[in-house]
Amino acid sequence: AQGLVRAGIDVDVYERDAAVEARFQGYRVGLLDRGVDDLRSCVPARLHPLLHAISGEISGPGRAVDDQLVELATVPPRDEGLLFDRHVLRHLLLAGLAERVHFGRKLDTYAERPDGTVRATFADGGIADADLLVGADGMGSTVRRQLVPGVPDLDLGVQGAIGRTAMTDRFAALVPGWSTMVISGDARLERGKMPFRRPPREAAAELAP
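Residue numbering for the sequence shown follows our numbering, starting at 2 and increasing by one per position.
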């Protein structure tokens, strides 16, 4: 959306979440040079210093340990590129789009119209007409189910949970490289850290209030 607006294209974002902080946004995401360049080309120039400040880098190997933290194996270091916390990055990507982002609008269905446009219908009964609909709605995609109904969901029988822990010296020591996998029977606990160059709230207050 940021890139489309900068290119002079009228765009609206319909977001099923009730607000920007309504849902836990998951783990970090790593972007290699091409991804970082593309991100910078979309984000307004005034936010580039903030984008740099809220990124991080990790070096060192990955490792696996048992439930007593006895090391079982190591994996060579790998380049994850620049790391971003998904929740923090989401805030930055929404900057300046307030009038274009509509929260609490869950897509119900869409229809291609005779004139080549598309109509989106939302769970609250509202509609939106456009030349193009981009279905960036993740797992369980409403758009995907309608576009390719013959492709089924496949249950792999694996369940997971995700959470955040405040970084302390004790926890940081458990992850000397890019990741530590704790193995106990059939259970796996993957620990990774998200190092910021500067605390995001502090950086935002100074660089892009």
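Using N, Cα and C, we set each Cβ at its ideal position, and we do this for glycine too.
Since we're looking at a predicted model, the values are computed, not measured.
- Looking at the backbone, the Cα of T75 and that of K194 are separated by about 17 Å.
- 8 Å or more divides the Cβ of A205 from the Cβ of L94.
- When DSSP states are grouped into helix, strand and coil, D132 belongs to the coil group.
- With fewer than 16 other beta carbons inside 10 angstroms of its own, G9 counts as exposed.
- For L98, there is no enclosing beta strand (DSSP E), as DSSP gives it neither H nor E.
- Measuring C-alpha to C-alpha distances from G161 to each of V21, A188, L148 and V176 identifies A188 as the nearest.
- DSSP lists A65 and E191 as the beta-bridge partner residues of M182.
- By a beta-carbon distance limit of 8 Å, R101 contacts V12. Their separation comes to about 6 Å.
- DSSP places T110 inside the beta strand (DSSP E), whose first and last residues are L108 to E113.
- When only Cα atoms are considered, R91 and R29 end up about 11 Å apart.
- The shortest C-alpha to C-alpha distance from L134 to any of V149, G151, D125 and Y111 is the one to Y111.
- Inter-residue distance for M168 and T143 is about 37 Å (C-alpha atoms, whole angstroms).
- Closest in alpha carbon position to P201, among A20, G117 and S56, is S56.
- For P210, the closest C-alpha among the options R7, D34 and G97 is that of G97.
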